[in-house]
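Student: In the working numbering, the protein residues as written are 14 to 280. All C-beta atoms in this analysis are idealised placements derived from N, C-alpha and C, irrespective of residue type, glycine included. As the structure is a prediction and not an experimental result, all values here were calculated from the model.
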């Protein structure tokens with residue numbers, strides 16, 4: 014482990030020290046041994062997009078991403094410099110390190126053999142065919158998010174959508190006990206979520222594509238493993254809080270209260 018960890022740390026430091034690279038540009042870097050073999054510029058606003066579906070040659074022993082980063086200080090308790098450089102490096106045996114550097118300091122996370130969570134670690138690992146960290150959310154959360162997204166789109170076109178219509182839009186609406194209440198619909202939601210499986214869902218999307226993943230769904234789902242796919246699936250849908258805010262503005266108060274209660278009963 015020491016030799017592997019030292020090697021990954023060396024590559025991360027080598028990447029941090031690339032003074033020829035602009036701090037405002039994101040790059041994907043491949044390594045062979047202790048040397049950099051290729052540097053590819055990425056979109057700084059979303060460096061992961063260009064890595065989806067990509068696989069590196071067998072001669073590559075490690076890959077990394079160097080990107081500008083910004084920390085948002087929500088607490089206002091401590092002031093952070095606005096601009097940072099983040100470097101993530103992972104080698105073929107799965108040892109990885111992430112470094113966050115500003116003008117004053119560098120913070121190291123790792124090296125570790127445990128897969129680090131995040132879009133960049135996920136994408137880097139998959140370029141070498143390595144497994145990512147397991148799914149972090151149950152499929153019930155995806156069922157809820159997908160339902161809320163469909164209801165929101167419908168409600169924006171048809172304000173004052175009624176509770177019966179909202180139930181009809183739910184994938185488990187027909188299996189809920191009658192009369193359908195927030196409690197019975199939440200029970201049906203949990204039952205559906207527990208019957209589903211992220212890996213099985215990934216294989217379905219890899220075969221036929223489908224909502225809400227877009228035109229590249231088949232290729233991307235095939236390239237991903239179960240863990241990365243689960244996070245990608247959740248990120249493909251709007252944030253739950255944003256959807257609830259939108260629905261509160263367009264649904265009748267009693268209808269929204271039922272929908273909100275259904276979501277809460279699922280927690």
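Residue 174 and residue 268 look like a contact to me (Cβ under 8 Å); what is the Cβ gap, rounded to whole Å?
Tutor: 7 Å
Student: Compute the Euclidean distance between the alpha carbons of residue 155 and residue 247, then round it to the nearest angstrom.
Tutor: Going from the Cα of residue 155 to the Cα of residue 247 covers about 6 Å.
Student: Measure the Cβ-Cβ separation of residue 100 and residue 22 and say whether it is below 8 Å.
Tutor: no
Student: Compare the Cα-Cα distances from residue 201 to each of 278, 123 and 26 and report the closest residue.
Tutor: Residue 278 holds the alpha-carbon nearest to the alpha-carbon of residue 201 among 278, 123 and 26.
Student: Return the chain-ordered list of same chain residues with a C-beta closer than 7 Å to the C-beta of residue 151, the five sequence neighbours on each side being excluded.
Tutor: Same-chain partners within the cutoff: 206.
Student: Per DSSP, what kind of secondary structure is residue 295 in: helix, strand or coil?
Tutor: One cannot answer for residue 295 here, as it falls past the ends of the chain, which runs 14 to 280.
Student: Name the one or two DSSP bridge partners that residue 66 has.
Tutor: Partner(s): none; residue 66 has no beta bridge.
Student: Taking 6 Å as the limit between beta carbons, can you name the residues of its chain near residue 82, skipping five residues before and five after?
Tutor: Correct list, in chain order: 97 and 99.
Student: Using DSSP with H/G/I as helix, E/B as strand and the rest coil, what is residue 119?
Tutor: strand
Student: Tell me, please, whether the segment 126 to 133 touches the segment 19 to 35 by the rule of three or more beta-carbon pairs shorter than 8 Å.
Tutor: Remark: fewer than three beta-carbon pairs, one from each stretch, lie closer than 8 Å, so the segment 126 to 133 and the segment 19 to 35 are not flagged as touching.
Student: Suppose the cutoff is 6 Å on Cβ atoms and the five residues either side in sequence are ignored; what does the same chain contact list for residue 196 look like?
Tutor: 278
Student: Express the C-alpha separation of residue 47 and residue 61 in angstroms, rounding to a whole number.
Tutor: Residue 61 and residue 47 have their C-alpha atoms spaced approximately 24 Å apart.
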